[in-house]
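Peer 1: Here the protein sequences come in this chain order: A and B. To convert, take the position in the first sequence, counting from 1, and add 102; that gives the numbering used here. To convert, take the position in the second sequence, counting from 1, and add 22; that gives the numbering used here. All C-beta atoms, glycine included, are put in the ideal place defined by N, C-alpha and C. Given the structure is predicted, the values throughout are model-derived calculations rather than measurements.
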Amino acid sequence: MIAAAQAALRRFVPQLIALATILALNALVFPGFFDIEFQNGRLYGSVVDVLNRGAPVALLAIGMTLVIATKGIDLSVGAVMAIAGAVVAATVAGGASLATALLFAAAAGIACGLWNGFLVAVLGMQPIVATLILMVAGRGIAQLITEGAILTFNHQGLIFIGSGAFAGLPMPVLIWLALGAAVTLAVRRSALGMLIEATGINRRASTLCGINSLVLLLAVYAVSGFCAAVAGVIIAADIKGADANNAGLWLELDAILAVVIGGTSLLGGRFSIVASLLGAMIIQSINTGILLSGFPPEFNLIIKAAIIVVILVMQSPAVQTLYDFLRSPSEVPTETPRQLPGEAEAPESLGRPQ
Amino acid sequence: MKARFLPLAATLLIFLIAYAACYLQYPNMLSTRVVGNLLTDNAFLGIAAVGMTFVIISGGIDLSIGSVIAFTGVFLAVVLDSTAIHPLAAFVLVLAITTTFGGVMGAIIHYLEMPAFIVTLAGMFLARGMAYVLSVESVPIHHDFYGLLQGLYYRMPGGGRLTLIGGLMVAVFLAGILLAHRTRFGSYVFALGGGVPTARLMGVPVARTTIAIYALSGFLAGLAGIVFSLYTSAGYSLAAVGVELDAIAAVVIGGTLLTGGAGFVAGTLIGILIMGLIQTYIIFDGTLSSWWTKIVIGLLLFSFILLQKALVWASESDRAVLRRRLLRSKALR
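See below:
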């Protein structure tokens, strides 16, 4: 048990080091970074802000991790966010209750996810193309719902989801923490996670082993759609309106980036939702740090690009091979029973196709 | 007719039917003015899409082209605004930058064995970020040479204007068709799309070809940026957002397989024209909203990918039938 916990911790070492480094840099350029105040029944401070502003990407990263673990990718999440935001705003503006509106938004997100899953699992399309269709058409659909305008609303219950606080923490933070914990438990306390990994490594082989990869893929894309819908509702509730053009624009790229930083390989297989969530927080810490430092926001994208390149180089198979080559031969893992416990595989191999 | 030309034929047929339908409703759609505008308005997208076609045929993807177009526009505007360099020299300079940029991305993809998707995503952030650093605001371009280039056009019968940039797009497409289907480099690109290990065994210089493909895409994105700056007379770092997706959509509608290995540069031109036609129709109609463009393009994408899938299935079942016949004849012997 303790060994397993240690192995799990070791898995997160690169992400934790990256996060700590960036937070330390933030504290260096903005001394008050770690200050937290308690006012009007909720916590305020830069760290809370990172957790709060990172909510949409964190939510998307939960679904995206599962999709990428099946060797897929979901480009449509940004558009699905816009659709869900439009649905929730239109339903609330139409006088429906909050529960109905949330149900409708969730249903819209799951329907979008099932459509993607249908294209990928049943029609056998490449995930990148299959989800591109909804990425292009989705914003059009969202504009169709809002009739081209920014649909505003003044429903206190809905606004609470975006900017309210419970037990001192902003609602978005609680939502992504709860959803992340729920999905992690669901895939790790059952065989689901392993089945997803198996499908991602080799769909045909896992089907032959008796895994119902069709249902599994449908479910994974549906979860991604649901997560996108929750993120869309939060964004709409935060600005008190549904903006079909800009809600969740390019967030799919941030979500994919969070997953890649989290060490889940784009080639499918082994995944970690917690690491992806850490990745999302790393991205948000960079964004917040650049804002706080008074550095011109123009440099935001360049710094982001530089960080991606560094992480890419560290994870690249070519560098891995070089690393294995440079290590003394006795340390190189060989096909001995020592490897059999499986889970204890060297954490350096993060991101390598298994 | 060979099955591999079927996607191209289908695209052409859909374009002709759509144009005929538009013509029946609005007879003015067939005038050379509309055709001239169709070419001019989509010139930058078309040029960038040629590069994307090569990348996709080789089995990769380039997400950076929209950002590269914006960077090129801002770079030109800032350089022409603050220095006395002649625009032609600035063109050469910016094309050198974007070509190198593409080449470096290709090198990273090949040597670090990273997925093209994530490498060009980083490239997209980097190019857009460079554009921001140069200028956050929209910088207008006032240069006599720009006025001269913008005034160049060939008057077609019927009063339509084939502008310099519209003509340039057609020229780039012709060059692209020759390069893809009639040169050794072209066949290397197709071979790479069929599978890297196979291509290597066939003697394709994989490293050189991969770098050249992305350099070509960078070069054409730079050229598209020059065209875009001629078209808008300004450089703006927020311009051309999402052009890469339009380009990918045009390539897919044009009958190029997104898995790589098969495709047509000419199909991409028709894909661009179909997308332009939808927009022209919406302008002619006047009551439809622009979001219908996105939905219709999404539907077109869906139907074309479905068509390609059906073709692949058909050819596979053909092969299965052949194999069965072969086995039977062997058994008889």
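1) For the beta strand (DSSP E) containing R144/A, list its first residue and its last residue.
2) Scan the segment 74-102 of chain B for residues whose Cβ lies nearer than 7 Å to a Cβ of chain A and list them as they occur along the chain.
3) Would you give the residue range spanned by the beta strand (DSSP E) that Q141/A belongs to?
4) List, in order along the chain, the chain A residues whose C-beta lies closer than 7 Å to that of T281/B?
5) With distances taken between CB atoms, is the gap from V335/A to A201/A smaller than 8 Å?
6) Pick helix, strand or coil for G181/B, following the three-state DSSP scheme.
7) Spatial neighbours of M183/A within its chain, please: CB distance less than 6 Å, with the 5 preceding and 5 following residues excluded, ordered by chain position.
8) Report the neighbours of I235/A on chain B: residues whose CB is nearer than 7 Å to its CB, in chain order.
9) Residue range of the alpha helix (DSSP H) that V211/B falls in?
10) For F306/B, report the span of its alpha helix (DSSP H) as first-last.
11) Can at least three beta-carbon pairs, one atom from the segment 87-101 of chain B and one from the segment 240-248 of chain B, be found at a separation below 8 Å?
12) Which residues mark the beginning and the end of the alpha helix (DSSP H) in which D340/A is found?
13) Leaving out the 5 sequence neighbours to the left and right, which residues in its chain are closer than 6 Å to G82/B when beta-carbon positions are compared?
14) Just checking my contact of I78/B with T278/B at CB under 8 Å: how many whole Å lie between their CB atoms?
15) Among L162/A, K173/A, M237/A, Q258/A, which residue has its Cα nearest to the Cα of A195/A?
16) Excluding the 5 residues preceding and the 5 following V434/A in the sequence, name in chain order all residues of the same chain whose CB lies nearer than 8 Å to its CB.
17) Tell me which residues share the same chain as M237/A and place their Cβ nearer than 6 Å to its Cβ, disregarding the 5 neighbours each side in the sequence.
18) Under 9 Å, CB to CB, which of the residues in the segment 396-408 of chain A have a partner in chain B?
19) To which residues of the same chain is R305/A closer than 6 Å at the C-beta, ignoring the five residues directly before and after it?
20) Can you tell which of I39/B, A31/B, M51/B has the C-alpha that lies nearest to the C-alpha of F306/B?
21) Can you name the residues of chain A whose CB is closer than 8 Å to the CB of M152/B?
22) Identify the continuous alpha helix (DSSP H) that holds A354/A and give its terminal residues.
23) Label W335/B either buried or exposed according to how many other C-beta atoms from any shown protein chain fall within 10 Å of its C-beta, with 16 as the threshold for buried.
24) Suppose the cutoff is 7 Å on Cβ atoms and the five residues either side in sequence are ignored; what does the same chain contact list for Q456/A look like?
25) Could you work out which residues of chain A lie near A144/B, taking near to mean beta carbons separated by less than 8 Å?
26) So is V434/A in contact with chain B if we call contact Cβ pairs under 8 Å?
27) Within 10 angstroms of the Cβ of G407/B, are there 16 or more other Cβ atoms? Answer buried if so, exposed if not.
28) Out of I170/A, V222/A, G364/A, I247/A, point me to the one whose CA is closest to A192/A's CA.
29) Helix, strand or coil for T254/B per DSSP?
30) Does T254/A come out as helix, strand or coil in the three-state DSSP assignment?
31) Considering only their Cβ atoms, is the gap separating T121/B from A262/B smaller than 8 Å?
32) If contact is defined by three or more beta carbon pairs under 8 Å, each pair taking one atom from either stretch, is the segment 275-290 of chain B in contact with the segment 207-226 of chain B?
33) Based on the DSSP output, what are the partners of P162/B in its beta bridges?
34) Of all the CB atoms in chain A, is at least one closer than 8 Å to the CB of M136/B?
35) Taking the C-alpha atoms as reference points, what is the distance between G257/B and G282/A?
36) From what residue to what residue does the alpha helix (DSSP H) around R240/A run?
Peer 2: If we stick to the structure as given:
1) Taking the first residue of the first sequence as 1, we reach residue 144/A at position 42. Per DSSP, R144/A belongs to the beta strand (DSSP E) from 144-147.
2) none
3) Taking the first residue of the first sequence as position 1, residue 141/A is located at position 39. From DSSP, the beta strand (DSSP E) with Q141/A extends over 138-141.
4) Your numbering for residue 281/B matches position 259 in the second sequence. Ordered by position in chain A, the residues that pass the 7 Å Cβ test against T281/B are Q228.
5) As a position in the first sequence, residue 335/A is number 233, starting the count at 1. As a position in the first sequence, residue 201/A is number 99, starting the count at 1. No; because the gap between Cβ atoms is not below 8 Å, this pair is not in contact.
6) Mapped onto the second sequence, residue 181/B falls at position 159. Coil at G181/B, not helix or strand.
7) Translated into positions along the first sequence, residue 183/A becomes position 81. Correct list, in chain order: A330, A333, G334, A349, G350.
8) To locate residue 235/A, count along the first sequence from 1; it is residue 133. Ordered by position in chain B, the residues that pass the 7 Å Cβ test against I235/A are G320, L323, F324.
9) Position 189 of the second sequence, counted from the first residue, corresponds to residue 211/B. It spans 206-216 - the alpha helix (DSSP H) in which V211/B sits, taken as one unbroken run.
10) Here residue 306/B refers to the residue found at position 284 of the second sequence. Unbroken alpha helix (DSSP H) run through F306/B: 287-307.
11) yes
12) Mapped onto the first sequence, residue 340/A falls at position 238. 315-341 is the span of the alpha helix (DSSP H), which, as asked, contains D340/A.
13) Numbered from 1 along the second sequence, position 60 holds the residue referred to as residue 82/B. Here the set comprises A138.
14) One-based indexing of the second sequence puts residue 78/B at position 56. One-based indexing of the second sequence puts residue 278/B at position 256. The Cβ separation is near 6 Å, so the contact holds.
15) Residue numbering aside, residue 195/A sits at position 93 when the first sequence is read from its first letter. A195/A has its Cα closest to that of Q258/A, out of L162/A, K173/A, M237/A, Q258/A.
16) Translated into the one-based positions of the first sequence, residue 434/A becomes position 332. Because the pLDDT at V434/A is just 49, under 50, the model does not fix this residue reliably, and the point stays unresolved.
17) Counting from one through the first sequence, the residue named residue 237/A turns up at place 135. Closer than 6 Å at the Cβ level, and outside the excluded window around M237/A, lie L177, S178, A181.
18) P398, P399, E400, F401, N402, L403, I404, I405, K406, A407, A408
19) Against the first sequence, residue 305/A aligns to sequence position 203. Excluding positions up to five away in sequence, the list reads S315.
20) Along the second sequence, one-based indexing puts residue 306/B at 284. The option with the nearest alpha carbon to F306/B is M51/B.
21) Walking along the second sequence from the start, residue 152/B turns up at place 130. Ordered by position in chain A, the residues that pass the 8 Å Cβ test against M152/B are I404.
22) Position 252 of the first sequence, counted from the start, is the residue given in the question as residue 354/A. Checking the displayed sequence, the identity of residue 354/A turns out to be Glu instead of Ala. From DSSP, the alpha helix (DSSP H) with E354/A extends over 353-363.
23) Within the second sequence, the letter at position 313 stands for residue 335/B. Exposed: under 16 other Cβ atoms inside 10 Å.
24) By 1-based counting over the first sequence, the position of residue 456/A is 354. Unreliable placement is indicated for Q456/A, whose pLDDT of 36 sits below 50; the coordinate value is still reported in the next sentence. Result list for Q456/A: I303, G371, R372, in chain order.
25) Here residue 144/B corresponds to residue number 122 of the second sequence, with the count starting at 1. Neighbours of A144/B on chain A, chain order: A407, I410, V411, L414.
26) Counting from 1 along the first sequence, the entry for residue 434/A is found at position 332. Reliability of the predicted coordinates at V434/A is poor, the pLDDT of 49 falling under 50, and the value obtained from them is presented with this limitation in mind. With 8 Å as the cut-off, V434/A does not count as an interface residue toward chain B.
27) Residue coverage of chain B in this structure runs from 23 to 355, which leaves residue 407/B outside it and unanswerable.
28) Within the first sequence, the letter at position 90 stands for residue 192/A. Selected option, being the one with the closest Cα: I247/A.
29) Mapped onto the second sequence, residue 254/B falls at position 232. Of the three classes helix, strand and coil, the one that applies to T254/B here is helix, per DSSP.
30) Your numbering for residue 254/A matches position 152 in the first sequence. If DSSP states are grouped into helix, strand and coil, T254/A belongs with the strands.
31) For the purposes of this step, residue 262/B is taken as the residue at position 240 of the second sequence. For the purposes of this step, residue 121/B is taken as the residue at position 99 of the second sequence. No, the Cβ-Cβ distance between A262/B and T121/B is not below 8 Å.
32) yes
33) As a first step, residue 162/B must be located in the second sequence, where it is residue number 140. P162/B is bridged to A256/B.
34) Counted from its first residue, the second sequence places residue 136/B at position 114. Chain A contact via Cβ: present.
35) Taking the second sequence and counting its residues from 1, one reaches residue 257/B at position 235. Taking the first sequence and counting its residues from 1, one reaches residue 282/A at position 180. Near 43 Å, if we compare the C-alpha coordinates of G282/A and G257/B.
36) Numbered from 1 along the first sequence, position 138 holds the residue referred to as residue 240/A. Going by the sequence as given, residue 240/A is Gly instead of Arg. Note, G240/A: alpha helix (DSSP H), 229-248.
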